[in-house]
Each structure stands twice: as C-alpha cells, then as structure tokens.
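Asks: Have a look at the structure that comes next, please.
Chains as they are written, first to last, in my numbering: chain A, 22 to 93; chain B, 19 to 582.
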C-alpha cells in the first residue's frame, strides 16, 4: 500500500517563505524563533495587501458567490 | 487536629482565581485594581498556559460595520441552531452583555498595554465568515505573546501568582464557597487557599471523547477549542461543591481537521473572511454537514471528507503564514515535516461526532457570571454558553470589575477541617499506590465508553451499559490510580474530574428522550416539542445528582427594544 505522502496532495519538500525568513534571522542573530519572528513579521506584513479594501471585498465576494451556488 | 497541622501551607486571600488563561488573568488584574488581595493559581505556568499559550491570531466579535448587537445575537442563535437544532440553547441576556461590553473590554485591554493594533498603528478589522459575512467585526491581532504580556501585567498589579498548582476541590461552609484545596505539582505540598470569593476560569471540558489527532499516545492530550489539557477541572470541582452545570447533554459538533496541530484558527474556516472549501474524497464540493448530512455522505461512500485552501489568492496564503506566527509558530515545522502545503493540500476532516462541550455547556451562571453556589463565579469557557477568546476576556474583566461588592459583604468564614482531611486523602492517595493504574490508561478507558456507548447515535440500552461500565471503572480502577511524583498526582486528579463529568454527561443524555439537531437518539427519533427552549441542569444534592429541565430565559425587554 502506498504511503500518504506519495499522493499528490502531500508534498515531500516545500517551504513556507515566512518560516524560512524567521529561521534565517534566528540563525543570523543567534536568537529564538519567537524573537526572530518579532523582527521579521513587520517587514513581511508590508508585502501583504491588508488595507486594500477593494481587493479584499472582491476576493471575499467571489467566494460568497461560489458558495451561493451550492445548496446546503 | 489544627488546620495548620493538616496541611503544608495556608494562604488567605480576598479573591481566588483558578486558572491563569485569558479569562482568569484579566479577572485577577481587574479585581486587584479595586484594591482586593487576589491570588491566581495555574496548574501549568501562566506565561504559556491555556488556549492562548502559543498565541492567538484573532480577537472578539464587535457590533460594528453595520452589524448591531441584536443582529450578532441573532447570528449567534442561528449558529447554535445549525448544530443543535431548533430553539435556544443559552441565555440571550448573557450573550447580549458580551456584545454590549466588547468595546469597553477593548479599551481595558489597551489600558493594560496589551497590543491590539496592527503594524501600521490602526486596528485591523477582519470579516468573520460565520457571523459577519463581509462585515468587519473581528480584530486581527498579533498575539503570539499575549500570555507573557498578561503575566507581566499580573506581576505589576500585585496579584499573588502561584504556578504549578492544581486545585483538588472547593471548600464550602454551608451554602457558601470559602476557598479551595490544592497540590503543588512540583513539590507535592498540600495547600489550603481561604478566599471570600472564587472565580473559576479553567477552560472547558473535552477529554471524555477521543481528540482529533490520529497520532499515538503522547499526542492524545491535544484537542482544538482550545487548550491542550481540557480535563474540565473547574466544571468538576464546581459540580462536586454543589454548583449547577448546564447543557451537559450538548456536545460540540464541528468539522475538525485531523492533524490539527498544523493549523491555526485563522486557517481553513475563516482565512480573513474567505471560507475554506469542503470536499468529498472525490472532490465534490458541499457547504456544510451537520450530523445527519455527514451520515448521508458516509452511507453513500463519499467520506472521508476534506477541506482545502487551494482557492485562496496568493495574498491570502501570505496572510495565513502570518496567522501561523501569531497563533502557533510550530505549525510551520509540523506542516513542512508532514508535507501539508496549504496551497495544494487537502486536510482530512474528522467524522462529525461528539468531540467536546464547546457550544453551550458549562457551569450555570446568571447574568453577572455568578454560579448557583454563593461566592462562586465562572468565566470564559467555564461559563455555560460563553465559549471564545472574546467571551473569555470580556467575562473576566466584567467579574473582576464587580466582585469587590460581593467580597465586601462576604465575611470571614471558617473552613471545615473534616472536609480538608477528606480532600487531602483523595488528592494524595495515588502516591501510596506502587503497582496500579496509569492515569492515561483509565482516561482512555473512559473515552472508550463515551465513543462506544454514547457517541453520535445514542440509545437507552447503550448508555445504561456505559454507565455500568463507568461505575465499574470507578469502583475498581479509580482507587488504583498511581502517581510516582506530584506531577502525576495532577494527572490522577484530572482523570477523577473527567470521570465525574462523564457520568454527568451520560445521565443528561439518557434523560433527553428526543432527536434534535446533532443530538440523535435512535430510540427517540422525533423531536419532543416539550423540550423547545428547555435546557438540562444538574447538581449534587445530599450526595446525589439532581437533574432539572428548565426554560431558557427570554431576552430582557430593554435589550429586545433594539431589535425594533
């Protein structure tokens, strides 16, 4: 029998970009992951469209419409 | 024998807070602000204990962005009914009070110095998929370190903080709660804490059913919603002291991802407002499955079922990474190790089955969070129907802000030595057992009873058999629990609590002779109209459990007026 990880929805090797940054920072500054995340996250957050209301609304409403087509 | 000779330490305080989570800490801090002498005990260590121990990525539900308090209440009731069927399952006045106090609590948290704002210095309001649609009614927060923050504020507030303290039982003087007995889980000291008022804030109860994880023994403490060790300590001690429990027939029902350790709250269900997709194993999408729908899927060979985030825009996948940091940093490593890339993975959901007591159960409270025993309060997940991080903080602050009135009138009541002696005997007995039963062995046996004889499809015969088996475990194995050290004494006390609450649970289910929502009795397949808006309450009277069915209160007219 095949192991679950041989299935295409499991990936043998992948990385979370933010986690990679946290680990790199922790190693560089010789600090814990918790401390490193305090330094890395504020920069990472700037690359995310948190205040783009139009983008958010469009993304959310697209999903709301998709769900509306399904019946419970 | 004098009390001093009976115990290792006696502590006197105005207010004893049991449980140092995000309900207990604000309660203690606020009570201390009123000049009260406050002691908080925590069986773990406050800096990283409880539901919020690893962090939180969201906070509260607020009446804003076009959603009124009454509309939130309506949606809360609709959400309850989605699982529990027609009718009301909690006191609407208490829930209304939560929404009514949400902004006050936010100000209080800011005064304490708790970080509430986003990186740009403004609040970041996120939509709540279940309650608000696109309306932004929930705060997205960076609360990876919320517990260290709260621990710091406790220290500054002059609260007496006692870590590694496990409560054995409450102490009573006639009908009043006058303190508690406890053990130190490192030194084994047996302690009395005399208090004018006691606030219970130990989270909810879950460990009579199997957890989500299919992994082996060492992970078997892990549940979601929310803390890792939800043994119902507060519920059980309150119950044994004579306080009333509510809704112990109503178990929490929800899809939960197996391998839950890899996920934070923001993922799968909410995703900053974009709901995850439910899929059958063949990839057919469906919206939601209550117990009946899940059963239908199972019968038609469409299970296992999955949830996926494949449809999220790239920006939202990045948001979820930030949510990992805020709520559970270890999630990154576990997901990578197991091959769960959120952009492609289908997360297996566990069968829709009783799991915990999240929706409406707990210590029965009035609108001021007073339990039925005098001098006893319940907040956060301990309070029936009050289950979320927002509820926890708000209830803690409200009780902390008002408990001085009770304390001023409480007087200094004596502690019953015989009661202390009996509690000490129960607590320390496992130390004397050399070849006995491991706490987890007994706990798994209790879980087996709930899974096999209660579970999703209930019937009188099965539950009576379950009760018999539970009684047998109590008679034979509870006295044989062994503890090699004080830490294991805590585990033994937890199992005792789990066993007591399991009995309460089964008896509540046995009495409810109907099928409604996710409560399924195979021998009573129809709804009983006489149970509409009626709840089950249980307490101990003269050593025996007493069960009552009472109506859910109506919403007060002054609140209801807002509806119009």
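Note that CB positions come from ideal geometry on N, CA and C, so glycine has one too.
Throw me the rounded Cβ distance for the residue 489 of chain B and residue 266 of chain B pair, which I believe falls under 8 angstroms.
Replies: The Cβ separation is near 18 angstroms, so there is no contact.
Asks: Taking 8 angstroms as the threshold (C-beta atoms), are residue 218 of chain B and residue 394 of chain B in contact?
Replies: Cβ distance < 8 angstroms, so residue 394 of chain B and residue 218 of chain B count as in contact.
Asks: Just how far apart, CA to CA, sit residue 572 of chain B and residue 216 of chain B?
Replies: Taking the straight line joining both Cα atoms gives about 28 angstroms.
Asks: In whole angstroms, give me the CA-to-CA distance for residue 77 of chain A and residue 291 of chain B.
Replies: The straight-line gap from Cα to Cα measures roughly 9 angstroms.
Asks: If I'm right that residue 71 of chain B touches residue 161 of chain B with Cβ under 8 angstroms, what's the distance once you round it to whole angstroms?
Replies: The pair is not a contact, with the Cβ atoms about 11 angstroms apart (cut-off 8 angstroms).
Asks: Can you tell me the Cα-Cα spacing of residue 55 of chain B and residue 326 of chain B, whole angstroms?
Replies: Computed Cα separation, rounded: 50 angstroms.
Asks: Does the beta carbon of residue 52 of chain A come closer than 8 angstroms to any beta carbon on chain B?
Replies: No - not a single Cβ of chain B is within 8 angstroms of the one on residue 52 of chain A.
Asks: Tell me residue 517 of chain B's beta-bridge partners as DSSP assigns them.
Replies: DSSP lists no partner for residue 517 of chain B.
Asks: Can you check whether the CB of residue 91 of chain B is closer than 8 angstroms to the CB of residue 112 of chain B?
Replies: No, Cβ-Cβ distance for residue 112 of chain B and residue 91 of chain B is not below 8 angstroms.
Asks: According to DSSP, residue 202 of chain B sits in a beta bridge with which residue or residues?
Replies: Answer is B:183.
Asks: With a threshold of 6 angstroms on Cβ separation, who are the neighbours of residue 262 of chain B within its own chain once the five nearest residues in sequence on each side are excluded?
Replies: Closer than 6 angstroms at the Cβ level, and outside the excluded window around residue 262 of chain B, lie 382, 390, 555 and 557.
Asks: What do you reckon, is the C-beta of residue 81 of chain A under 7 angstroms from a heavy atom of the ligand ZN?
Replies: Ligands displayed in this structure: none; no statement on the ligand ZN is therefore possible.
Asks: For residue 97 of chain B, is the classification buried or exposed, using 16 other Cβ atoms within 10 angstroms of its Cβ as the cut-off for buried?
Replies: Exposed is the call here.
Asks: Run through the DSSP bridge pairs and tell me what residue 145 of chain B is partnered with.
Replies: Answer by DSSP bridge pairing, in chain order: B:154.
Asks: What residues of chain B sit near residue 33 of chain A, judged by a beta carbon separation below 8 angstroms?
Replies: Neighbours of residue 33 of chain A on chain B, chain order: 357.
Asks: Check the Cβ-Cβ distances between residue 474 of chain B and every residue of chain A, and say whether any is below 8 angstroms.
Replies: Chain A, which has no Cβ nearer than 8 angstroms to the Cβ of residue 474 of chain B, makes this no.
Asks: Please check the pair residue 152 of chain B and residue 421 of chain B, which I expect to be a contact at CB under 8 angstroms, by giving their CB distance rounded to whole angstroms.
Replies: Between residue 421 of chain B and residue 152 of chain B the Cβ distance is about 39 angstroms, and since that is not below 8 angstroms, they are no contact.
Asks: From what residue to what residue does the alpha helix (DSSP H) around residue 25 of chain B run?
Replies: Segment: none, residue 25 of chain B is in no alpha helix (DSSP H) and carries neither H nor E.
Asks: Less than 8 angstroms separating the beta-carbons of residue 482 of chain B and residue 228 of chain B?
Replies: Not in contact: residue 482 of chain B and residue 228 of chain B (Cβ atoms no closer than 8 angstroms).
Asks: Let me see if you follow: with CB-CB separation under 8 angstroms, is residue 88 of chain A close to chain B or not?
Replies: True, the Cβ-Cβ gap to chain B drops below 8 angstroms.
Asks: Given a threshold of 16 other Cβ atoms within 10 Å of its Cβ, counted over all protein chains shown, does residue 425 of chain B qualify as buried or as exposed?
Replies: By the 10 Å Cβ count, residue 425 of chain B comes out buried.
Asks: Go ahead and label residue 29 of chain A buried or exposed: buried means 16 or more other beta carbons lie within 10 angstroms of its beta carbon, across all protein chains shown.
Replies: Under this definition residue 29 of chain A is an exposed residue.
Asks: Between the region 101-112 of chain B and the region 130-143 of chain B, do at least 3 Cβ pairs fall closer than 8 angstroms?
Replies: The region 101-112 of chain B is not in contact with the region 130-143 of chain B.
Asks: Report yes if the CB atom of residue 204 of chain B is closer than 8 angstroms to the CB atom of residue 504 of chain B, and no otherwise.
Replies: Going by C-beta atoms, residue 204 of chain B is nearer than 8 angstroms to residue 504 of chain B.
Asks: Kindly indicate the opening and closing residues of the alpha helix (DSSP H) around residue 310 of chain B.
Replies: 309-317 is the extent of the alpha helix (DSSP H) around residue 310 of chain B.
Asks: Could you list which residues in chain A have their beta carbon closer than 9 angstroms to that of residue 167 of chain B, in chain order?
Replies: The premise fails here: residue 167 of chain B is roughly 13 angstroms from chain A at the closest Cβ pair, so nothing lies under 9 angstroms.
Asks: Going by other Cβ atoms of all chains shown within 10 Å of its Cβ, with 16 needed for buried, is residue 40 of chain A buried or exposed?
Replies: The residue in question, residue 40 of chain A, is buried, as its Cβ has 16 or more Cβ neighbours within 10 Å.
Asks: Report yes if the CB atom of residue 379 of chain B is closer than 8 angstroms to the CB atom of residue 397 of chain B, and no otherwise.
Replies: No, the pair does not count as a contact, with Cβ atoms beyond the cut-off.
Asks: Ordered along the chain, which non-local residues of its own chain (more than five positions away) have a Cβ less than 6 angstroms from that of residue 206 of chain B?
Replies: Within the same chain, residue 206 of chain B has close Cβ partners 504.
Asks: Short check: CB of residue 214 of chain B to CB of residue 50 of chain B, under 8 angstroms?
Replies: No, these two residues do not count as a Cβ contact at 8 angstroms.
Asks: Do the CB positions of residue 524 of chain B and residue 485 of chain B come within less than 8 angstroms of each other?
Replies: Taking 8 angstroms as the Cβ cut-off, residue 524 of chain B and residue 485 of chain B qualify as a contacting pair.
Asks: Decide yes or no for the touch test of the region 180-198 of chain B against the region 58-69 of chain B: beta carbon pairs closer than 8 angstroms, at least 3 of them.
Replies: Yes, since at least three Cβ pairs between the region 180-198 of chain B and the region 58-69 of chain B fall closer than 8 angstroms, the two stretches touch.
Asks: Quick one: any contact between the region 24-33 of chain B and the region 314-322 of chain B, if contact means 3 or more CB pairs under 8 angstroms?
Replies: No, they do not touch.
Asks: Answer with buried or exposed for residue 479 of chain B, where buried requires no fewer than 16 other C-beta atoms within 10 angstroms of its C-beta.
Replies: Answer is exposed; the Cβ neighbour count stays below 16.
Asks: So, are the CB atoms of residue 328 of chain B and residue 169 of chain B less than 8 angstroms apart?
Replies: In this structure, residue 169 of chain B does not lie closer than 8 angstroms to residue 328 of chain B by Cβ.
Asks: On the CB-based measure, 16 or more other CB atoms within 10 Å of its CB, does residue 22 of chain B come out buried or exposed?
Replies: Answer is exposed; the Cβ neighbour count stays below 16.
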